Structure formats: C-alpha cells, structure tokens
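Novice: Below are the structure tokens for one structure; questions will follow.
Residue numbers (this note's numbering): 27 to 428.
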C-alpha cells in the first residue's frame, strides 16, 4: 500500500474539533474553510432574516438561488445553521452549542462581537475552555473599532499600491483580495494555537486578528528596511526585486518569462544556459552588488538574448536549473498541465450542479468534497445533537429564531 493510500484511510487531521463560525463574505469563511478541509466540524451560523451569508448573493455567477459561485469558493465542507443571535432563544441555542465547541469564530465589525455575546467574557460561563477568535477590519479596540473595512482599503493604507505596477503608472492594487485571504489564514492559525493552549491549560481566551494588522505585517522586510535604515522601497520596472538581479519580467520571442536568480549560483547557470558564459566573471555582473549597480545595462543585454526564442523553449532549456516561470492569465494557469498532474482541482458533490474548485494546499491524505451548505441545511441535525427536542426546534422556527 502506498503512503498516500495509507494517509487516505486515516482520520482527517482536525477530526473531533468543533468550531462555531459567525461569518460571512470572504476573509472569515476562507479561514474556516482551511479548517473544514482538514476535518474540523465547522458550523456556520447565518441569520436568514438578513439573507444569510452575503457571499451567497455575490454575482455574477450562480449555481442556484442563494448559491453563488463566490459562496461555493469559501464554504465547502461546512454545516449551516440559521440562528438569530439578537433574540434570547438565539443566545440560548448559541450557549448550548458552545458547551461542546472548541472555538467560536467571527468576522464581524470590531464593535459587534461583545454586543452579540461572542466574546470570551460572554461565553466562558458556558465553556471555560472555549477560544473566541475575532477577525475584524481594524480590531475590537481603539478609534476604528466600529469602522467597516475591506481588502482594497487595507492595501491602499498599508502602502501596497505604492509597490505594485510600473513606476510611471498610477497606484495599483494587487489583482487578488490578498489581505482577505491572508487574514483568514492567519486567523485559522491563531484559532488552532488557541485551541492547543486551551487544551493544555483548561482555559480559553479571546484572539484577535485584523485586516489592518495583517496588511501591515505583510510588509515584512520592506517595513524593516524603512524602520531601521530609513530606506523606502518603491515600484520597480517589470516587477523586479528591489535588490536582486536578475529577478523580474523579461520579454521573449512570443511573450514573457519571469526569471528569479535569487541565489548567486543561479547567475552562472543562467549564463551558461543562454550561451553567455563570459558574463559570469564580467566585473560589472560578477555578484549581486555589481549586478544591481548595472541592472539597466544587464537587463537590456539579457532581454536581447531572451527575445531570440519563444517562452516554452526557454522553459524547456532551463528545466528547473534556472528558476523561471511562464506568465499566464487565469485561464492558462488553471489549464496548466502541472495543475492536472498535481490533482489540484476538486469536483464537489453538489446536488444539482457540477462544481469544480481548487483543492486545499495542505496535503494530508484525502480531500473531503462536500459542497458549501444550503442555508439552514443542518438545523435539525445540529440542534438535536445539542439536546433540543422536535418541539423546541418547531418553536424556534415559528419564532424566526432559526
């Protein structure tokens, strides 16, 4: 039996972990989907009086009513319970669910978790070990706690638009909602760390992650250079690395290629592969420092060579010896034969549609393939498991609590 077959027979890594998720749209659902993909029971709380998760209605592409393709991108392998947390019975149900939960997650505006009883102070009476993870725009404290906030705003304020695009162009954001995705992933990491800590100590806590904090944290070495060397990184031509050369876009005979010779050894390999071995020891190009000083001249000479062949010929020649990649659009990226080889596209077991989606990047055996749930699909299952009777459930439904 292969190692992959053995892994496929084992329980998923987070089997037995239960998370109550009061979430909507992108960042929060993306984070908890990581956990659901790994086997956690993620119970998604939606208020049907508000239309449920707003992501259900984000067009222009839909599989059905309240079932947008956007929504399916962030919510597979979860359960959905409709619950109005603004009612006494809604709070009663929440506290009953929390008794058996490892964590309660939300991605609400910073001032709302306490008002809706989603913080540790509100829930520790039901479960002292529960971890309350809060993903907000600007945090739950401070002058912006009540502010709404979105990915593009964070990119703008954290300086990303000054780093993206060509030097003579207008400020430009990244093409993906990278702050949403990174914040969701960071929140998932924080939540798991909280669960590990709570299992060791028996005491839960609040954990906070904000879009703003993650956007700022992602500046990484760019921030360190400014804070310690007063050096400000600006946009470079052809998306080049600020200090390493060659590491940028180059034209080829039929398009583009991205080269990243980010270790000294790759420079020599590149020179030999393109038939310019004399450049290896050339004074102006012999190391990173000199290549950076003479970057403009080097790039002109290098591009002259790369223009003599089409991109695929260069990629075949470099073949992993020189770090290089084609420059694809989204269609080409998903139709890439390497994606098929690596089995990166999943078919979900949707009841009415053919739903294909990108697999979890964490490979730990099998990938579960349950589609994102219908609104309230698991009301009866979850409430009965929590000890509520058929009569209770009927009452909650009649009162629009669920």
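Backbone N, C-alpha and C define an ideal beta-carbon position, used for all residues, glycine too.
Fair warning: this is a prediction, and the values are worked out from it, not measured in the lab.
Looking at the structure shown, is residue 260 part of a helix, part of a strand, or coil, going by DSSP?
Specialist: Three-state result, residue 260: coil.
Novice: Roughly how many angstroms separate the alpha carbons of residue 44 and residue 157, rounded to a whole number?
Specialist: In a straight line, the C-alpha of residue 44 is about 11 Å away from that of residue 157.
Novice: I'd like to check one pair, residue 100 with residue 56: are the Cβ atoms closer than 7 Å?
Specialist: Yes; because the gap between Cβ atoms is below 7 Å, this pair is in contact.
Novice: What are the uninterrupted segments assigned as alpha helix (DSSP H) that are 4 or more residues long and contained completely in the region 61-148, given in chain order?
Specialist: Fully enclosed alpha helix (DSSP H) runs of 4 or longer: 95-98, 114-125, 138-141.
Novice: Name the DSSP beta bridge partners of residue 348, please?
Specialist: Note: residue 348 sits in a beta bridge opposite 345.
Novice: Quick one: is residue 205 buried, meaning 16 or more other Cβ sit within 10 Å of its Cβ, or exposed?
Specialist: With 16 or more Cβ atoms within 10 Å of its Cβ, residue 205 is classed as buried.
Novice: For residue 373, count the other beta carbons within 10 Å of its own beta carbon; 16 or more makes it buried, fewer makes it exposed. Which is it?
Specialist: It is exposed - the Cβ of residue 373 has fewer than 16 other Cβ atoms within 10 Å.
Novice: Distance, Cα to Cα, residue 253 vs residue 404?
Specialist: Distance between the alpha carbons of residue 253 and residue 404 is about 50 Å.
Novice: What does the Cβ neighbour count give for residue 169, buried or exposed, with the cut at 16 atoms within 10 Å?
Specialist: Classification of residue 169: exposed, given that the 10 Å Cβ count is below 16.
Novice: Rounded C-beta distance between residue 223 and residue 235? I'm assuming under 8 Å.
Specialist: No, residue 223 and residue 235 are not in contact; Cβ-Cβ is about 15 Å, not under 8 Å.
Novice: Between which two residues does the beta strand (DSSP E) carrying residue 240 extend?
Specialist: Here residue 240 belongs to no beta strand (DSSP E); instead the alpha helix (DSSP H) covers 237-243.
Novice: Would you mind listing the alpha helix (DSSP H) stretches within the region 245-330 that are 4+ residues and don't spill past its ends, in chain order?
Specialist: Whole alpha helix (DSSP H) segments, 4+ residues: 246-255, 290-299, 314-319.
Novice: Tell me which same chain residues have a C-beta within less than 8 Å of the C-beta of residue 371, skipping the five on either side of it?
Specialist: If we look at residue 371 and ignore the five residues flanking it on each side, its Cβ neighbours are 360, 365, 382, 383, 384, 385.
Novice: Skipping 5 residues on each side, what residues in its chain have a beta carbon closer than 6 Å to that of residue 297?
Specialist: So the qualifying residues of the chain are 303, 305, 306.
Novice: Closest by CA to residue 389, which one among 49, 61, 79?
Specialist: It is 61 whose Cα lies nearest to the Cα of residue 389.
Novice: Let me know the secondary structure DSSP gives residue 212 once reduced to three states.
Specialist: Here residue 212 sits in helix by DSSP.
Novice: Distance check for residue 312 and residue 98, CA to CA, integer angstroms please.
Specialist: About 51 Å.
Novice: Could you check if residue 225 is buried or exposed, using at least 16 other CB atoms within 10 Å of its CB as the buried criterion?
Specialist: Counting Cβ neighbours within 10 Å, residue 225 comes out exposed, since fewer than 16 surround it.
Novice: For the 8 Å Cβ check, are there 3 or more pairs between the region 105-115 and the region 128-137?
Specialist: Verdict: no, contact absent.
Novice: My assumption, with CB atoms under 8 Å, is that residue 279 sits in contact with residue 193. Please give the rounded CB distance.
Specialist: Not a contact, Cβ separation roughly 26 Å.
Novice: List the whole-angstrom C-beta distance separating residue 104 from residue 68, where the pair is believed to meet the contact cut-off of C-beta under 8 Å.
Specialist: So it is a contact: roughly 4 Å between Cβ atoms.
Novice: Do residue 284 and residue 347 come within 7 Å of each other at the CB atom, strictly closer than that value?
Specialist: No, these two residues do not count as a Cβ contact at 7 Å.
Novice: Going by C-alpha distance, which of 287, 172, 129, 122 is nearest residue 141?
Specialist: Here the closest residue by C-alpha is 172.
Novice: Taking the alpha-carbon positions, what's the residue 398 to residue 334 distance?
Specialist: Going from the Cα of residue 398 to the Cα of residue 334 covers about 49 Å.
Novice: With contact counted as at least three CB pairs below 8 Å, one residue from each stretch, are the region 143-161 and the region 176-196 in contact?
Specialist: Too few Cβ pairs lie closer than 8 Å, so no.
Novice: Per DSSP, residue 378 is paired with what?
Specialist: The partner list for residue 378 (beta bridge, DSSP) is empty, contrary to what the question assumes.
Novice: For residue 153, which option in 185, 125, 162, 132 has the closest C-alpha, if you only look at C-alpha atoms?
Specialist: Closest option to residue 153, Cα to Cα, is 125.
Novice: As a quick exercise: from 416, 319, 415, 260, pick the residue whose alpha carbon is nearest that of residue 187.
Specialist: For residue 187, the nearest C-alpha among the options comes from 260.
Novice: I'd like the span of the beta strand (DSSP E) that includes residue 44, first residue to last.
Specialist: Its beta strand (DSSP E) spans residues 44-48.
Novice: So for residue 417, helix, strand or coil by DSSP?
Specialist: Residue state, collapsed to three classes: helix.
Novice: Note down, in chain order, each residue of its chain lying with its Cβ closer than 7 Å to the Cβ of residue 117, except the 5 sequence neighbours on either side.
Specialist: Around residue 117: 111, 143.
Novice: By Cβ distance, which residues of its chain are closer than 8 Å to residue 408, with the 5 residues on each side in sequence left out?
Specialist: The answer, listed in chain order, is 69, 105, 107, 123.
Novice: Three or more beta-carbon pairs under 8 Å between the region 411-423 and the region 80-94, yes or no?
Specialist: They do not touch, by the three-pair rule.
Novice: Identify the continuous alpha helix (DSSP H) that holds residue 159 and give its terminal residues.
Specialist: From DSSP, residue 159 is part of no alpha helix (DSSP H) but of the beta strand (DSSP E) over 157-162.
Novice: Using the three-state DSSP reduction, which class does residue 180 fall into: helix, strand or coil?
Specialist: Helix.
Novice: Leaving out the 5 sequence neighbours to the left and right, which residues in its chain are closer than 8 Å to residue 417 when beta-carbon positions are compared?
Specialist: Here the set comprises nothing.
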